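A.B. asks:
In this note's numbering, the protein residues as written are 132 to 367.
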């Protein structure tokens, strides 16, 4: 990659070499083929920045369950007020938008302390696809929260704000361990819901900054939320 653009990859990916090693593990396990290159992954991070800026209502909210009736959950319901507590808990890594830089421990903390709506669990369990011990830890800690054995049950329940979060997380962890955690066919290529969908989106993008600029000028490059937007634009 040309030097003038290398700074953007380092800024977006933090440690491109570390992320490439993680993708190599996915490739070795037959999970990802082909793996996107660092520039394509950078475009994926830009897509996530676009989501935060223009579709923030898809992050940290819940459509199915109400806010818990405790005073802490009500105070933490507004996401800006929740954010510093999520940082202190190490449940979010705002510099690692793709999750590919984060350790398994960080992903476990994220699942236990940061709310995921609907099937948004799937993305993070796919991050743990080559670390079943971490998935077992999610299951065990979620089970401890659900039955009250976890020493921080009340805090973790309030931190995620919404009712039934850890019950749903426990079910998802058990499904992940049994190989039954799956998205509907129409959801599998959605980069918001699936890590592997995200990686496929990245792999379809222009391979270099120059190709990206050319595609943008042609109107065939977009950071749209729709997974098929690039193909639709290309056919227009």
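From the three backbone atoms N, C-alpha and C, an ideal C-beta is built for every residue, glycine too.
It should be emphasised that the depicted structure is a prediction, and the values quoted were computed from it without experimental measurement.
Going straight from the alpha carbon of residue 354 to that of residue 278, what length do you get?
C.D. replies: 42 Å
A.B. asks: Can you list, in chain order, the residues of its chain whose CB lies under 7 Å from that of residue 136, leaving out five sequence neighbours each side?
C.D. replies: Excluding sequence neighbours, residue 136 sits near 340.
A.B. asks: Does the Cβ of residue 183 have 16 or more other Cβ atoms within 10 Å, making it buried, or fewer, making it exposed?
C.D. replies: exposed
A.B. asks: What's the call for residue 344, buried or exposed, on a 16-neighbour Cβ count within 10 Å?
C.D. replies: Looking at its Cβ environment, which holds fewer than 16 other Cβ atoms inside 10 Å, residue 344 is exposed.
A.B. asks: Which of helix, strand or coil does DSSP assign to residue 198?
C.D. replies: strand
A.B. asks: Whose C-alpha, out of 328, 318 and 168, is nearest the C-alpha of residue 388?
C.D. replies: Residue 388 is absent from the structure shown; the chain starts at 132 and stops at 367.
A.B. asks: Output the residue ranges of the beta strand (DSSP E) runs that lie fully inside the stretch 270-328 and measure 3 residues or longer, sorted by chain position.
C.D. replies: Here no run is fully enclosed.
A.B. asks: Give the straight-line distance between the Cα atoms of residue 331 and residue 307, rounded to the nearest whole angstrom.
C.D. replies: 21 Å
A.B. asks: Would residue 258 and residue 326 be called neighbours here (beta carbons separated by less than 7 Å)?
C.D. replies: yes
A.B. asks: Quick check on the DSSP output: the alpha helix (DSSP H) that includes residue 346 runs from which residue to which?
C.D. replies: 340-349
A.B. asks: Considering residue 252, what are the terminal residues of the alpha helix (DSSP H) in which it resides?
C.D. replies: 252-258
A.B. asks: With burial defined as no fewer than 16 other Cβ atoms inside 10 Å of the residue's Cβ, what is the status of residue 201: buried or exposed?
C.D. replies: Residue 201 counts as exposed, since fewer than 16 other beta carbons sit within 10 angstroms of its beta carbon.
A.B. asks: With burial defined as no fewer than 16 other Cβ atoms inside 10 Å of the residue's Cβ, what is the status of residue 234: buried or exposed?
C.D. replies: exposed
A.B. asks: Evaluate residue 288 with the Cβ neighbour count: other Cβ atoms within 10 Å of its Cβ, from every protein chain shown; 16 or more gives buried, anything less gives exposed.
C.D. replies: Looking at its Cβ environment, which holds 16 or more other Cβ atoms inside 10 Å, residue 288 is buried.
A.B. asks: Check each candidate in 194, 196, 270 and 172 and name the one with the smallest Cα separation from residue 379.
C.D. replies: Here the chain has residues from 132 to 367 only, and residue 379 is not among them.
A.B. asks: Have a look at residue 321 and residue 328 and give me their C-alpha separation to the nearest angstrom.
C.D. replies: 5 Å
A.B. asks: Could you tell me the alpha carbon to alpha carbon distance between residue 300 and residue 166, rounded to whole angstroms?
C.D. replies: 28 Å
A.B. asks: Name the residue from 296, 290 and 292 whose alpha carbon lies nearest to the alpha carbon of residue 274.
C.D. replies: Ranking the options by Cα distance to residue 274, first place goes to 296.
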